[in-house]
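S.K.:
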Amino acid sequence: LDTERVPYEKMPAGSVIQTQFTRFDYVGTANEFETTSSSYQASNFLVKISPKFANSTIKIQAAINIKQNTGANYVRVALFKSIDGGSFSNFTGGTTGHGLITYRVSGGGTAWDHVNFMVYDTPNTTSSIIYKLYLSSNDNNQNVRIGENSAEEFMSAMEIRQ
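Printed below as a string of structure tokens:
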């Protein structure tokens, strides 16, 4: 090489161009987002990235806590995105159904768990993208939550050269 660093344009397919992440490790209840709505509600869990190449693949990962109150209903989590400040749109499961993550414990008491996920996107843009988690209950009655007080949780977005 004739330079100290490999220029992005010369990096081979499969190379990681950049990684952005957001940690959520607030004291108290600042991480918690709860709803009883059966339509998806925006949480405070998000990550921002501006791809350097329009044809890159973006790998989105998260580690979050999830809570379901008693009953046979379930928590639904979906990943939405906003490009260049536009409105958020769901690209992981439509507006109904199970979404990206479905968490269900039939009967019994309140249940908590830790959930990890990974999603790939090909946004075909170099504009700024915000990926954000949305949450819903399936019945408009049960209280559901993502995030846990004082827990360390994160979301990350990784740009992969194609």
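In the numbering used here, the protein residues as written are 822 to 983.
Every residue, glycine too, gets a C-beta built ideally from N, C-alpha and C.
Please read all numbers here as calculations on a predicted model, not as lab measurements.
Using the C-alpha atoms, what's the distance from Val936 back to Asn964?
M.R.: As a position in the sequence shown, residue 964 is number 143, starting the count at 1. As a position in the sequence shown, residue 936 is number 115, starting the count at 1. Their Cα atoms are separated by approximately 18 Å.
S.K.: Can at least three beta-carbon pairs, one atom from the segment 894 to 913 and one from the segment 838 to 854, be found at a separation below 8 Å?
M.R.: They do not touch, by the three-pair rule.
S.K.: Go ahead and pull the three-state DSSP assignment for Tyr861.
M.R.: Locating residue 861 in the sequence shown gives position 40, where the first residue counts as 1. Tyr861: coil per DSSP, three-state reduction.
S.K.: Would you grab the beta carbon distance between Tyr955 and Gln889 for me? Rounded to a whole angstrom, and I think it's under 8 Å.
M.R.: Start at 1 with the first residue of the sequence shown, and residue 955 comes out as number 134. Start at 1 with the first residue of the sequence shown, and residue 889 comes out as number 68. With 8 Å as the limit, Tyr955 and Gln889 do not qualify as a contact, their Cβ atoms being about 16 Å apart.
S.K.: Per the DSSP calculation, Arg844 is bridged to which residue(s)?
M.R.: Here residue 844 corresponds to residue number 23 of the sequence shown, with the count starting at 1. Its beta-bridge partners are Phe975.
S.K.: Compute the beta-carbon to beta-carbon distance between Lys873 and Tyr829, rounded to the nearest angstrom, for a pair I have assumed lies under 8 Å.
M.R.: Locating residue 873 in the sequence shown gives position 52, counting from the first residue. Locating residue 829 in the sequence shown gives position 8, counting from the first residue. Yes, Lys873 and Tyr829 are in contact; Cβ-Cβ is about 6 Å, under 8 Å.
S.K.: Between which residues of its own chain and Phe854 is the CB-CB distance below 7 Å, once the five residues before and five after are set aside?
M.R.: In the sequence shown, residue 854 corresponds to position 33, counting from 1. The answer, listed in chain order, is Ser864, Asn865, Leu956, Arg966, Ile967 and Gly968.
S.K.: Can you find the residues in the same chain that come closer than 7 Å, C-beta to C-beta, to Ser908, ignoring five residues on each side of it along the sequence?
M.R.: Within the sequence shown, numbered from 1, the residue matching residue 908 stands at position 87. Closer than 7 Å at Cβ, skipping near neighbours: no residue.
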